[in-house]
Amino acid sequence: MNIIKVHPQGFCKGVINAILKTNEAITNAKRPIYMLGDIVHNKNIAKTYIDNGIIIINSLDEIKSKEGSIIITAHGISQYKYNLISSTGLDIIDTTCESVKQIQSLIRQKIIEGYSVVYYGKKNHAECLGISEDYQNEGKFIVVEGEDDIEKLNISNPKLFFTNQTTMSYFETLKIIDKLKQKYPNIITKEDICNATKNRQLALIEQAKDADLIVVVGDKTSNNSLSLVDISKTIINKPCVLIENINDIKEALKEINKQRYENIAITSGASTPRVIVNNIEKALLDENHIIDIKKDEYIKIKR
Ligand code: SF4
1428 MNIIKVHPQG
1438 FCKGVINAIL
1448 KTNEAITNAK
1458 RPIYMLGDIV
1468 HNKNIAKTYI
1478 DNGIIIINSL
1488 DEIKSKEGSI
1498 IITAHGISQY
1508 KYNLISSTGL
1518 DIIDTTCESV
1528 KQIQSLIRQK
1538 IIEGYSVVYY
1548 GKKNHAECLG
1558 ISEDYQNEGK
1568 FIVVEGEDDI
1578 EKLNISNPKL
1588 FFTNQTTMSY
1598 FETLKIIDKL
1608 KQKYPNIITK
1618 EDICNATKNR
1628 QLALIEQAKD
1638 ADLIVVVGDK
1648 TSNNSLSLVD
1658 ISKTIINKPC
1668 VLIENINDIK
1678 EALKEINKQR
1688 YENIAITSGA
1698 STPRVIVNNI
1708 EKALLDENHI
1718 IDIKKDEYIK
1728 IKR
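Heads up, the sequence shown is in this note's numbering, so the first residue is 1428 and it goes up one at a time.
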């Protein structure tokens, strides 16, 4: 079996920033330390932080202390939620990725200027909620999840602006822009896939074209991992499996052996620890050679 390891891989700058700030919080922040949602979409990382005493909550109602700290994750939060958090008296540790902050502030600016904003993203994703929660029922921020949603749009505002969630498929985003321009020729569009996501997608297309199978290592809740799967199947037109961790490897190997795949490209989402990718690569070559990953390895930043 020949492994084609796609580059770049590993944590993006936003994930590195979030992990470094959270690691520092473990040592220095006032306890209890709450985290609103998962710091990044990777269960191994989340579990490591839980084991280090961080309390992951999904709603602010779960805060039981008037003292302590709260971590805002890399996906950011709405202004509405930020104000609520500020009123709790907890110290705020904000790990929002700069790319997310830039899109948030651009959207807010466009809405102030009178635009309706069409946003390509996933309605229930934390990054999307970080904006939509501020504009509920106002009709100024409209989320489309795919081309079908564009057909249902009925926007009367002549000032229209488009942008997107940072981790969508670059190619799907271009299709959405095309379709929107057919329906609303005056729409101003700004494709805003973050560099880390776009580079990983373009690299996959370039480097995996000769593969028989593409393995994406990433969490099932990680949008940039799912975008890599989507691109593998639709743009590169190859079979693809998403492997979250070493437990999934047996199923994948069954399929690989059945189909006799020889050239296997391996890539990973921007929140997938490198140790997991290395482990899976080793397991693909030899099922019996699997490293025992120590939990702290998941949150170790190697420069
Ligand atoms: S994937 Fe992009 S937006 Fe998300 S944390 Fe990384 S750099 Fe930031």
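For glycine and all other residues, C-beta sits at the position ideal for the given N, C-alpha and C.
query: Just to confirm, does E1599 get its C-beta within under 8 angstroms of one of the non-hydrogen atoms of ligand 1?
result: Counting from one through the sequence shown, the residue named residue 1599 turns up at place 172. Exclusion of E1599 from the 8 angstroms shell around ligand 1 follows from its C-beta lying no nearer than that to any non-hydrogen atom of the ligand.
Q. What are the boundary residues of the alpha helix (DSSP H) that I1534 is part of?
A. Here the question's residue 1534 lines up with position 107 in the sequence shown. For I1534, the uninterrupted alpha helix (DSSP H) segment begins and ends at E1525 to I1539.
Please classify N1485: does DSSP put it in a helix, a strand, or coil?
Here residue 1485 corresponds to residue number 58 of the sequence shown, with the count starting at 1. Of the three classes helix, strand and coil, the one that applies to N1485 here is coil, per DSSP.
- Message: Taking a contact to mean a Cβ-Cβ separation below 9 angstroms, would you say Q1609 touches I1620 in this structure?
- Response: The residue given as residue 1609 occupies position 182 in the sequence shown. The residue given as residue 1620 occupies position 193 in the sequence shown. Contact annotation: Q1609 and I1620 have beta-carbon atoms that are not nearer than 9 angstroms.
**Request:** Mark Y1507 as exposed unless 16 or more other C-beta atoms lie within 10 angstroms of its C-beta, in which case mark it buried.
**Result:** Taking the first residue of the sequence shown as position 1, residue 1507 is located at position 80. Around the beta carbon of Y1507, a 10 Å sphere encloses fewer than 16 other beta carbons of the protein chains shown; the residue is thus reported as exposed.
Q) Hey, how far is the Cα of S1652 from the Cα of I1484? A) The residue you call residue 1652 lines up with position 225 of the sequence shown. The residue you call residue 1484 lines up with position 57 of the sequence shown. A straight line joining the alpha-carbon of S1652 with that of I1484 spans about 24 angstroms.
* Asked: In angstroms, rounded to a whole number, what distance separates the CA positions of L1727 and V1643?
  -> Indexing the sequence shown from 1 puts residue 1727 at position 300. Indexing the sequence shown from 1 puts residue 1643 at position 216. The question names Leu, but residue 1727 is Lys in the sequence shown. Looking at the two C-alpha atoms, the distance is approximately 21 angstroms.
*So is the beta-carbon of A1552 under 8 angstroms away from any non-hydrogen atom of ligand 1?*
Numbered from its first residue, the sequence shown carries residue 1552 at position 125. For the sequence presented, residue 1552 should be read as His rather than Ala. No, ligand 1 has no heavy atom inside 8 angstroms of this Cβ.
Q.
For chain B, check one thing: does any of its Cβ atoms lie closer than 9 angstroms to the Cβ of K1660?
A. Of the chains in the structure shown, none is chain B; there is only one protein chain.
Under 9 angstroms between the Cβ atoms of H1502 and A1553? On the sequence shown, position 75 is the one that residue 1502 refers to. On the sequence shown, position 126 is the one that residue 1553 refers to. Yes, Cβ-Cβ distance for H1502 and A1553 is below 9 angstroms.
**Asked** Applying the criterion that 16 or more other CB atoms from any shown protein chain within 10 Å of the CB defines a buried residue, is T1699 buried or exposed?
**Response** Taking the sequence shown and counting its residues from 1, one reaches residue 1699 at position 272. The residue in question, T1699, is buried, as its Cβ has 16 or more Cβ neighbours within 10 Å.
* Anything with a beta carbon under 6 angstroms from a heavy atom of ligand 1 counts; list them all in chain order. => Taking every residue with its beta carbon within less than 6 angstroms of a heavy atom belonging to ligand 1 gives, in chain order, C1439, K1440, G1441, V1442, A1501, C1524, S1526, V1527, T1593, T1594, C1621, A1623, T1624, N1651 and A1697.
What are the boundary residues of the beta strand (DSSP E) that includes Y1547?
Along the sequence shown, one-based indexing puts residue 1547 at 120. Start and end: S1543 to Y1547.
Does the structure place the segment 1445-1462 close enough to the segment 1519-1534 that three or more beta carbon pairs sit under 8 angstroms? Judged by Cβ distances under 8 angstroms, the segment 1519-1534 makes contact with the segment 1445-1462, as three or more pairs qualify.
I'd like the list of long-range same chain contacts for I1717, defined as Cβ closer than 7 angstroms, with 5 residues on each side in sequence excluded. Mapped onto the sequence shown, residue 1717 falls at position 290. These residues qualify, in order along the chain: I1673, N1706, K1709 and A1710.
- [ ] Spell out a yes or no on whether the segment 1486-1504 and the segment 1533-1551 are touching, meaning 3 or more CB-CB pairs, one atom from each, closer than 8 angstroms.
- [x] The segment 1486-1504, when compared against the segment 1533-1551, does not touch it at the 8 angstroms Cβ threshold.
What residue from L1511, F1588 and I1512 has the CA that sits closest to G1541's CA? Taking the sequence shown and counting its residues from 1, one reaches residue 1541 at position 114. Across the set L1511, F1588 and I1512, the C-alpha of F1588 shows the shortest separation from the C-alpha of G1541.
Query raised in the report: Do the segment 1568-1579 and the segment 1626-1641 make contact, defined as three or more Cβ pairs closer than 8 angstroms?
Result: Output reads no: the segment 1626-1641 does not touch the segment 1568-1579.
**Cutoff 7 angstroms; reference K1606; Cβ partners in own chain excluding five residues on either side** = Counting from one through the sequence shown, the residue named residue 1606 turns up at place 179. So the qualifying residues of the chain are E1574 and I1577.
Do the segment 1478-1492 and the segment 1547-1562 make contact, defined as three or more Cβ pairs closer than 8 angstroms? No, because fewer than three Cβ pairs between the segment 1478-1492 and the segment 1547-1562 fall closer than 8 angstroms, the two stretches do not touch.
- Can you tell which of E1565, Q1592 and N1469 has its C-alpha closest to the C-alpha of I1582? Your numbering for residue 1582 matches position 155 in the sequence shown. Selected option, being the one with the closest Cα: E1565.
Span of the alpha helix (DSSP H), counted from its first residue to its last, around L1711
Start at 1 with the first residue of the sequence shown, and residue 1711 comes out as number 284. Residues R1701 to L1712.
If you run the structure through DSSP and keep just helix, strand and coil, what is D1518? One-based indexing of the sequence shown puts residue 1518 at position 91. Residue state, collapsed to three classes: strand.
(Q) Give me, in chain order, the residues of the same chain whose beta-carbon lies closer than 6 angstroms to that of D1713; leave out the 5 immediate sequence neighbours on both sides. (A) In the sequence shown, residue 1713 corresponds to position 286, counting from 1. Taken in chain order, the list of residues that qualify is empty.
Residue from E1560, I1662, I1676 and Y1546 whose Cα sits closest to the Cα of E1617: As a working mapping, residue 1617 is identified with position 190 in the sequence shown. Note on residue identity: the sequence assigns Lys, not Glu, to residue 1617. The shortest CA-to-CA distance from K1617 to any of E1560, I1662, I1676 and Y1546 is the one to Y1546.
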